[in-house]
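Numbering (our numbering), first residue to last: 796 to 952.
A virtual CB, placed ideally from N, CA and C, is assigned to each residue, including glycine.
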Amino acid sequence: MKPMRPRAEGFGVVAALLVLVVLSVLGGAIARMSWTQQVSSAQDIDAARAQRAANSGAEWGLYQALRGGWTTCNNTSQTLDLRTELGVWVTVSCNSALYVEGENGSNDELPVYTNKNVRVFVIDAVACNGTATCPDNSRVTSVGYVERRRQVQATDQ
């Protein structure tokens, strides 16, 4: 008669624990990917809103420079609250410089030009979903912070 081997016990418990660990890791990875996708989608929407707000801020700044109260702006800025419409703040700043174009000439071969003063405006609009002003340096590294900048140049001629 053959001696009886001892019965193998405990292997089923180890296998079950291994399967549970693998399934929980897999579930965690799926949850993480789903969360990342949702955050990315939300940031895409916020970025589009910030871009539209920066464009609107640049247009508003151009109007103020060419037709409004910023006709000779230097280091002028204003923060617009567009949280109701787009959920962002827009800081619009304006700088301008006066240039003289043309020259006085009296040569028969060259036509005579008269000097013309031309003011060049530089409008900078920064839109962000910060707390009060843009750019919001305290939130730059946080998840969900979005910032867009639009800069335009125009002359008064």
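When secondary structure is reduced to three states using DSSP, SER933 falls in the coil class, being assigned neither helix nor strand. Across the structure, GLY863 and GLU854 are spaced so that their CA atoms are roughly 12 Å apart. Around the beta-carbon of THR866, fewer than 16 other beta-carbon atoms lie within 10 Å, marking it exposed. Annotation for VAL834: VAL938 and GLY939 place their beta carbon closer than 8 Å to its own, counting only its chain and skipping 5 residues before and after. Less than 7 Å divides the Cβ of ALA849 from the Cβ of ARG943. VAL808 and ARG800 have their alpha carbons spaced roughly 20 Å apart. SER891 sits close to ARG914, with the two beta carbons spaced by under 7 Å. Here DSSP, grouped into helix, strand and coil, assigns ASN850 to helix. DSSP, reduced to helix, strand and coil, places ARG944 within a strand of the structure shown.
Around the CB of THR886, 16 or more other CB atoms lie within 10 Å, so the residue is classed as buried.
In the DSSP assignment, LEU881 falls outside any beta strand (DSSP E) and carries neither an H nor an E.
A residue is called buried once 16 or more other Cβ atoms fall within 10 Å of its Cβ, and ARG945 is buried on that count.
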